[in-house]
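Number of protein chains: 2
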Amino acid sequence: MLSERQRMILGAIIDDYVRSAEPVGSRSISKRAGVSFSPATIRNEMADLEELGLLEQPHTSAGRIPSIKGYRYYVDHLITVDGASEHDIRKIRTFFAEKMNHWENVIGHAATILSQLTNYTSIVLGPEIFNTTLKHFQLVPINDASAVAIIVANTGHVEHRTITIPEGITMDDMSKIVNVLNDKLAGVPFFRVKAVLHSEIAKELARYVDHCEGVLAILEQAITDEHEPKVYLSGASNMLTQPEFKDVDKAKTILDMLEETQKLTQLIQAHPGGIQVRIGTENAVEAINQCSLITATYTHEGQSLGTIGILGPVRMEYGKVISLLDYLSRDIAKLMSRGFK
Amino acid sequence: MLSERQRMILGAIIDDYVRSAEPVGSRSISKRAGVSFSPATIRNEMADLEELGLLEQPHTSAGRIPSIKGYRYYVDHLITVDGASEHDIRKIRTFFAEKMNHWENVIGHAATILSQLTNYTSIVLGPEIFNTTLKHFQLVPINDASAVAIIVANTGHVEHRTITIPEGITMDDMSKIVNVLNDKLAGVPFFRVKAVLHSEIAKELARYVDHCEGVLAILEQAITDEHEPKVYLSGASNMLTQPEFKDVDKAKTILDMLEETQKLTQLIQAHPGGIQVRIGTENAVEAINQCSLITATYTHEGQSLGTIGILGPVRMEYGKVISLLDYLSRDIAKLMSRGFK
DNA sequence: CGTTAGCACTCGATGAATTTGAGTGCTAAC
DNA sequence: GTTAGCACTCAAATTCATCGAGTGCTAACG
Chain A
0 MLSERQRMIL GAIIDDYVRS AEPVGSRSIS KRAGVSFSPA TIRNEMADLE ELGLLEQPHT
60 SAGRIPSIKG YRYYVDHLIT VDGASEHDIR KIRTFFAEKM NHWENVIGHA ATILSQLTNY
120 TSIVLGPEIF NTTLKHFQLV PINDASAVAI IVANTGHVEH RTITIPEGIT MDDMSKIVNV
180 LNDKLAGVPF FRVKAVLHSE IAKELARYVD HCEGVLAILE QAITDEHEPK VYLSGASNML
240 TQPEFKDVDK AKTILDMLEE TQKLTQLIQA HPGGIQVRIG TENAVEAINQ CSLITATYTH
300 EGQSLGTIGI LGPVRMEYGK VISLLDYLSR DIAKLMSRGF K
Chain B
0 MLSERQRMIL GAIIDDYVRS AEPVGSRSIS KRAGVSFSPA TIRNEMADLE ELGLLEQPHT
60 SAGRIPSIKG YRYYVDHLIT VDGASEHDIR KIRTFFAEKM NHWENVIGHA ATILSQLTNY
120 TSIVLGPEIF NTTLKHFQLV PINDASAVAI IVANTGHVEH RTITIPEGIT MDDMSKIVNV
180 LNDKLAGVPF FRVKAVLHSE IAKELARYVD HCEGVLAILE QAITDEHEPK VYLSGASNML
240 TQPEFKDVDK AKTILDMLEE TQKLTQLIQA HPGGIQVRIG TENAVEAINQ CSLITATYTH
300 EGQSLGTIGI LGPVRMEYGK VISLLDYLSR DIAKLMSRGF K
């Protein structure tokens, strides 16, 4: 258990360090407004905090910097989250107002505004189509042998892929099949589509069309295959403004990682609901062991739709970022609801 | 007019410099296989080449590096383009073979493989839908007041956007309108859609439906609005491997620019057909005055569909990149034709 | 006359030695 | 428990000398 004074000092050190990126000395703490202890006293406390593993010293004659554990304590107990700043809220309002005619891309815009407001990197996971239902399914023939399969979700999201039509199946057969699928699948959540296809539809379909197994398999794949949620990334180059990444090699490790959408998805999907903070090595992915990742999920009618996140150096403005993510995740939810009507 | 020997020396210097990123001295040239002149002779020639503006000296006691003009001469007169290397071709084959089930995204894959093979940054412009024709148009109602408009092109590409349905128009009216549009617009190139809508369809439609002007305006916008070609970017972080960008600030200028899709499009669209090389300051965009951009367009049945490009440092392997882009642009064309069937 | 050996000269890069100063830990006094 | 005082530490900045790759120029050579 930390004393009140120790908590104050830890907080002050983190604040200072976040701002300056330089080790913080006892003198600069003691000179702060509202602090009435001499540097010597502060030094004693600092030594104690170091022993507790909350601070560390880059070298003997330098000030202290927070350890991962120190940040963790700060985030868990010390942080003040007093809501997004007026300024940020106004920025967000006008930004979305400008893009209102493209509201279907709220998520993409959210990524942009997040990185702009924070000067960190934002990673945003688009609405997870798995949590939504199938509204409409359709084939548009392109020529004799191929067609575009179009899948519309109840959220208005559209996926499409090109399929090849097997020999010996006519367009007529195809449209019969599609009609049946639409009848049976409309309103079914995507994650159940596969099951429904096998249990209810296969038999029924056999009545109408011969040799439909091959077609069905293709359509099934078209519908269920890889509804990978989209990942939006914005402000990756902001990483380069952080002094901790002035070394190009370190920066490259991170930027390389950010280019692998797959890894990104995996990274951000590992975060459950609510607001999550992963500090430094708490992140499973080694490339970002020098970074912190804060995420928030956004929901619609109780369903988690996706995640917005901020990746920055461990030396991050946790309070500000958490407030912002909290505000924006709610705001997105609102905007989307309005979109769904 | 350069003498044979001068051309040889210029070529040798550029080769060396591209490999090493260090100023090239007279000795290292004279020691090359097949060179039978002393360093002193080479030095004299070098001085002449410098006077011609083809070389420059970072400082008096350093070797020479090529100037923009020198690279230009190299690209225009000296370069040997002997086709993509066996190794690269094999890589491309297997890469595309793996992704065959997602051939509709050839372009995205092309960007990836390009950056992987070159270790530079690739910028690829997706098929320009303006050069294609409308195959199918459709509305899928989401709820009473909104619907998703889906536009399918003859290439199999799909665009979609959400629209709001004006008060007082029934779904029935809508589908009538959509039917007429499909009848009249199928096969029309996108760039003519607007004209056809106004000239042929407006009157005809008035017969079927009252108050259709508002709806028509919305649909027109849905169809013609912003078919911005997609830009794919890959290997942006490769920039960081180049010694010329070991300075984080320089790197950031470029990476910032690469995040603005709009600017990217503009940059790459400024390149007309065939293979284009823009060296250093020849690029209009200031942020990449330290870079060279090489582009190639890919076509289908004589129509230019899009552009693939490589952005790297001025000190770039021009021969290799040009061969590769040449090969890949043809390959993409082939793959897409097969896709269209 | 073109080519080359020789040589003095230039100047960034490298690295050792030195200085500086922010910050510490400890001790003793308040 | 707090603080003044002080010796000590060590990275960073500064200075200075050295090194060496590469040049330009001159004179000699075939």
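Sequences listed follow chains A and B, in order. Using numbering that gives the first Met the number 0, the first residue of the first sequence is number 0, and each one after it goes up by one. Using numbering that gives the first Met the number 0, the first residue of the second sequence is number 0, and each one after it goes up by one. Ideal placement from N, C-alpha and C gives every residue a C-beta, glycine not left out.
Residue range of the alpha helix (DSSP H) that includes residue i
i: B:Arg89; result: Glu85 to Glu97
i: A:Thr120; result: From DSSP, A:Thr120 is part of no alpha helix (DSSP H) but of the beta strand (DSSP E) over Thr120 to Leu124.
i: B:Ile267; result: Thr260 to Gln268
i: A:Leu116; result: Val105 to Thr117
i: B:Arg26; result: Ser25 to Ser29
i: A:Tyr72; result: Ile67 to Tyr72
Nearest residue (CA-CA) to residue i, options the options
i: B:Ala332; options: B:Phe94, B:Ala295, B:Tyr317 and B:Gly311; result: B:Ala295
i: B:Met238; options: B:Arg160, B:Ile78, B:Asp81 and B:Val313; result: B:Val313
i: A:Lys248; options: B:Asp248, B:Ile253 and B:Thr240; result: The residue you asked about is not Lys; residue 248 of chain A is Asp in the sequence shown. The shortest Cα separation from A:Asp248 among B:Asp248, B:Ile253 and B:Thr240 belongs to B:Thr240.
i: A:Pro38; options: A:Gly24, A:Asp47, A:Leu48 and A:Gln302; result: A:Gly24
i: A:Glu203; options: A:Val214, A:Val179, A:Gln220 and A:Ile222; result: A:Val179
i: A:Arg277; options: A:Asp75, A:Val17, A:Pro228 and A:Ile12; result: A:Asp75
i: B:Asp255; options: B:Glu285, B:Phe190 and B:Leu116; result: B:Glu285
i: A:Ala152; options: A:Tyr119, A:Ile168 and A:Phe190; result: A:Phe190
i: B:Leu113; options: B:Arg337, B:Ile321 and B:Leu334; result: B:Ile321
i: B:Thr40; options: B:Val105, B:Glu21, B:Gln5 and B:Ser66; result: B:Gln5
i: A:Val34; options: A:Ser84, A:Ala20, A:Gly10 and A:Pro57; result: A:Gly10
i: A:Ile287; options: A:Phe244, A:Val192, A:Thr93 and A:Ser328; result: A:Phe244
i: B:Leu334; options: B:Glu300, B:Lys319 and B:Glu199; result: B:Glu300
i: B:Gln220; options: B:Gln261, B:Ala205 and B:Glu158; result: B:Glu158
i: B:Pro358; options: B:Tyr119, B:Ala201, B:Leu215 and B:Leu116; result: Any answer about residue 358 of chain B is impossible in this case: the structure gives chain B only from 0 up to 340.
i: B:Ser66; options: B:Gly272, B:Phe95 and B:Pro22; result: B:Pro22
i: B:Leu327; options: B:Phe36, B:Ile222, B:Ala110 and B:His135; result: B:Ala110
i: A:Ile222; options: A:Glu199, A:His135 and A:Ile274; result: A:His135
i: B:Gln137; options: B:Thr117, B:Ser174, B:Asn104 and B:Ile106; result: B:Ser174
i: A:Asp172; options: A:Pro188, A:Arg206 and A:Met45; result: A:Arg206
i: B:Arg160; options: A:Gln275, A:Thr93 and A:Val105; result: A:Val105
i: A:Ile274; options: A:Glu199, A:Pro126, A:Val80 and A:Lys183; result: A:Val80
i: A:Glu44; options: A:His108, A:Leu1 and A:Met99; result: A:Leu1
C-beta atoms of residue i and residue j nearer than 9 Å
i: A:Ser121; j: B:Glu258; result: no
i: A:Ala250; j: B:Ala185; result: no
i: A:Ala144; j: A:Thr163; result: yes
i: A:Thr252; j: A:Val230; result: no
i: B:Leu54; j: B:Arg42; result: no
i: A:Asp325; j: A:Gly82; result: yes
i: A:Gly305; j: A:Tyr297; result: yes
i: B:Gly28; j: B:Ile13; result: Inspection of the sequence shows that residue 28 of chain B is occupied by Ile rather than by Gly. Result no, Cβ atoms of B:Ile28 and B:Ile13 do not sit closer than 9 Å.
i: A:Gly155; j: B:Val147; result: yes
i: B:Tyr317; j: B:Tyr16; result: no
i: A:Leu218; j: A:Ile149; result: no
i: B:Ile168; j: B:Gly213; result: yes
i: A:Asp291; j: A:Leu266; result: Correcting the residue type first, residue 291 of chain A is Ser in the shown sequence and not Asp. For A:Ser291 and A:Leu266, no; Cβs fall outside 9 Å.
i: B:Leu124; j: B:Pro228; result: yes
i: B:Leu323; j: B:Asp47; result: no
i: A:Pro242; j: A:Ala61; result: no
i: B:Gly52; j: B:Lys68; result: yes
i: A:Ser84; j: A:Lys262; result: no
i: A:Gln115; j: A:Lys90; result: yes
i: B:Ser236; j: B:Gly272; result: no
N- and C-terminal bounds of the beta strand (DSSP E) containing residue i
i: A:Lys134; result: Leu133 to Pro140
i: A:Pro312; result: Gln302 to Pro312
i: A:Thr161; result: Val157 to Thr163
i: B:Thr40; result: No beta strand (DSSP E) holds B:Thr40; the alpha helix (DSSP H) holding it covers Pro38 to Glu50.
i: B:Gln275; result: Ile274 to Ile278
i: B:Leu1; result: Taken as a continuous stretch (DSSP letters only), B:Leu1 belongs to no beta strand (DSSP E), as it is neither H nor E.
i: A:Tyr231; result: Val230 to Ser233
i: A:Ile150; result: Ser145 to Ala152
i: B:Thr294; result: Cys290 to His299
Proximity test, residue i beta-carbon vs the ligand GTP heavy atom, cut-off 8 Å
i: A:Thr163; result: The model depicted lacks the ligand GTP and carries no ligand whatsoever.
Between the segment 242 to 262 of chain B and chain A, which residues of the former have a C-beta closer than 7 Å to a C-beta of the latter?
Lys245, Val247, Ala250, Lys251, Leu254, Asp255 and Glu258
Where the segment 157 to 171 of chain A meets chain B: residues whose CB sits under 8 Å from a CB there:
Val157, His159, Arg160 and Thr161
What residues in the segment 304 to 328 of chain A have a beta carbon less than 9 Å from any beta carbon of chain B?
none
Which ranges does the alpha helix (DSSP H) cover as unbroken runs of at least 4 residues, wholly within the segment 182 to 211 of chain A, from first to last along the chain?
189 to 195 and 201 to 207
Give the residues from the segment 129 to 148 of chain B that approach chain A closer than 8 Å (Cβ to any Cβ), ordered along the chain.
Lys134, His135, Gln137, Val139, Ile141, Asn142, Asp143, Ala144, Ser145 and Val147
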